[in-house]
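Taking my numbering, I'd label the letters of the sequence shown as residues 1273 to 1447.
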Amino acid sequence: MTTTPCTHCSDYRDDLDDGAEVGSALSTRITNTVTYAVLVPLLFAVHVIWEAGVGYWLFGLAGGIRPSPNPGGWTELGGIDRAWGSILYAPGCAILTKANIGGCIWRGGEWGLPLIALASFITAIATAQFMQAWLNKQPHRLGTLHWRGVIMFLGWMFVPLPVEWVWAYQFIVLC
């Protein structure tokens, strides 16, 4: 047993086993590896599917998808001013809308899709770090100034936005 000064204050603490710190650091490293190698890609995919699926459903609820009253008629798309979308997706979608010259979003703007992917990636990182801190029972799970909470809120929640800033509009109406 050794006595070492505490790094946070002038008190001394007793280490019962010097090997416990090595084991703790190793488990943290493994947890970080799992977080960044497994959770982030998984949450990235889940977030993209969430944005597409829930966004499509909310776009329909907002009146952006109206079936034809006549049997065999065309479904009417668009025709609304506002729809539900993610704030983090809004800049990329706005660029795609402004840059769209052709018949689909994949033709417009070299910055739109990377910004959308970056929004999902940032949301996945913040969510994975929160999950890691929660599972490890660490304090400050939301980060300094609660930045993880803000990013998770902005990434996972849908708010009313101009329809051109909504991802569902990009692949339903413009394609």
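Backbone N, C-alpha and C define an ideal beta-carbon position, used for all residues, glycine too. Given the structure is predicted, the values throughout are model-derived calculations rather than measurements.
Taking C-beta atoms as the reference points, Gly-1345 and Gly-1336 fail to come closer than 8 Å.
Residue pairing by DSSP places Pro-1432 opposite Trp-1356 in a beta bridge.
Annotation: Leu-1385 to Gly-1364 spans about 6 Å, alpha carbon to alpha carbon. By the Cβ neighbour-count rule, Ser-1340 is exposed, with fewer than 16 other Cβ atoms within 10 Å of its own. Going by DSSP, Gln-1410 is part of no alpha helix (DSSP H) at all; its letter is neither H nor E. A residue is called buried when at least 16 other Cβ atoms come within 10 angstroms of its Cβ; Thr-1305 does not meet this threshold and is exposed. In the three-state reduction of the DSSP assignment, Glu-1348 falls in the strand class. Rounded to whole angstroms, Leu-1368 and Ile-1321 show a C-alpha spacing of 19 Å. Note: Arg-1338 is bridge-paired with Glu-1348 in the DSSP secondary-structure output.
Distance from the CA of Phe-1393 to the CA of Trp-1329, rounded to the nearest whole angstrom, comes to 23 Å. Judged by DSSP secondary structure, His-1319 falls within the alpha helix (DSSP H) whose first and last residues are 1312-1333.
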